[in-house]
Structures are given as structure tokens and as C-alpha cells.
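Participant: Right, I'll just put the structure down here and ask away after.
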Amino acid sequence: MMTANEIDDILRQYPEAGRDALIPILQDVQDIQGYLSKDAVVRIGECLKLPPSKIYGVATFYNQFRFQPQGRFHIQVCRGTACHVKGSAAVLDRLQRELGVASGETTRDGIFSLEVVACIGACGLAPVISVNGEFHAKLTPDSVVDVLNEYRQKAESSAHA
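The numbering used here puts the first residue of the sequence shown at 1187, with every later residue one more than the last.
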């Protein structure tokens, strides 16, 4: 998590900032912190003289902003037309059940985060997911469990190294 000083360093880059600087400030904070923490939102609000509710209102309008840190393995599930037709809804459902999280959430252990995206651009591989940029193609609800287990083993082996 960012310190108040780190947030202030970003805010100093926007002298006399007003509401028009909110999105670039949020982007800068998220670039460094990986997400928008409650502390960051409060501090930005103090600087811009905006209530945190206004900042959350703006940030939740744009799907680029996150309010939780991403997991070590960030899973993106494609829900484009080709993936939808080939069964990505069932793959997503299985991921949510296996991980115990919904899209936009991170598992309690911080290993996985889940995100639904409109299209990954790999229609010929449908249904497809991306884990930290690595594609896994032609998935089924059962085969996606194998993918999760592969990443669980990676997490476990690095924890013991």
C-alpha cells in the first residue's frame, strides 16, 4: 500500500489541481499502487476538496479503476462473441465457484484475481482466458480447473523456495 507521502508526491505533480485533474491523478495512483485504496481516495479528496463519495462515483464509472489489489495471477475471462458462443459463461461460472470470488475481486490469499473483459482478441482460440498475459485456449469448465491447479502449484512451489 502507498504511504501518504507517496500519494502527496503524485498530488504535487498537479499544483492547483481541480476536478479536471481527478482522472489523471487516479490513474497515477493506480499505476503505482496497483489499485485505489480507501486511504488514497480520502487523501485525493482532501487535496481536491472533493468528498470521497464523488471520487468513488467517478472512479466506479470507468472500468479501468480497481479498488482491490490484483492477485499474483490475474485472470481475464473473454466474453466476446466467439467466446460466448463457445461456452465462456460456463467457464466463468466455474472459475467463480472454484475461486470463491466474482469478477473484479481477489481471493483472500491474494493468489488470484478475476476480471471479465469484452474481448481478448483471440477468437480462434475460444473460449479463452489470459493469466498474467498467458493465453489458455479452448477451455471447458473442467479444463479451467486444471489451469487453476497449475497456477496453484506455481504459487506453492515459489512459497517453498
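All C-beta atoms, glycine included, are put in the ideal place defined by N, C-alpha and C.
Give me the Cα-Cα distance between Ser1223 and Gly1204, rounded to the nearest whole angstrom.
Facilitator: So the two alpha carbons sit approximately 20 Å from each other.
Participant: DSSP state of Val1317, grouped into three classes?
Facilitator: Reduced to three states, the DSSP call for Val1317 is strand.
Participant: Check each candidate in Gly1231, Val1271, Pro1238 and name the one with the smallest Cα separation from Lys1324.
Facilitator: It is Val1271 whose Cα lies nearest to the Cα of Lys1324.
Participant: Rounded to whole angstroms, what is the Cα-Cα separation between Cys1269 and Leu1236?
Facilitator: Their Cα atoms are separated by approximately 41 Å.
Participant: Can you look up His1346 in the DSSP assignment and give me helix, strand or coil?
Facilitator: His1346: coil per DSSP, three-state reduction.
Participant: Under the assumption that Glu1291 contacts Gln1254 (Cβ atoms under 8 Å), give the Cβ distance between them as a whole number of angstroms.
Facilitator: The Cβ separation is near 7 Å, so the contact holds.
Participant: Measuring only the C-alpha atoms, how far is Gly1257 from Tyr1200?
Facilitator: Approximately 30 Å, taken between the alpha carbons.
Participant: Helix or strand or just coil, what does DSSP make of Ser1299?
Facilitator: Ser1299: strand per DSSP, three-state reduction.
Participant: Run through the DSSP bridge pairs and tell me what Phe1259 is partnered with.
Facilitator: Answer is Phe1298.
Participant: Near Gln1250, which residues of its chain fall below 7 Å by C-beta distance, leaving aside the five closest residues on each side in sequence?
Facilitator: So no residue of the chain qualifies.
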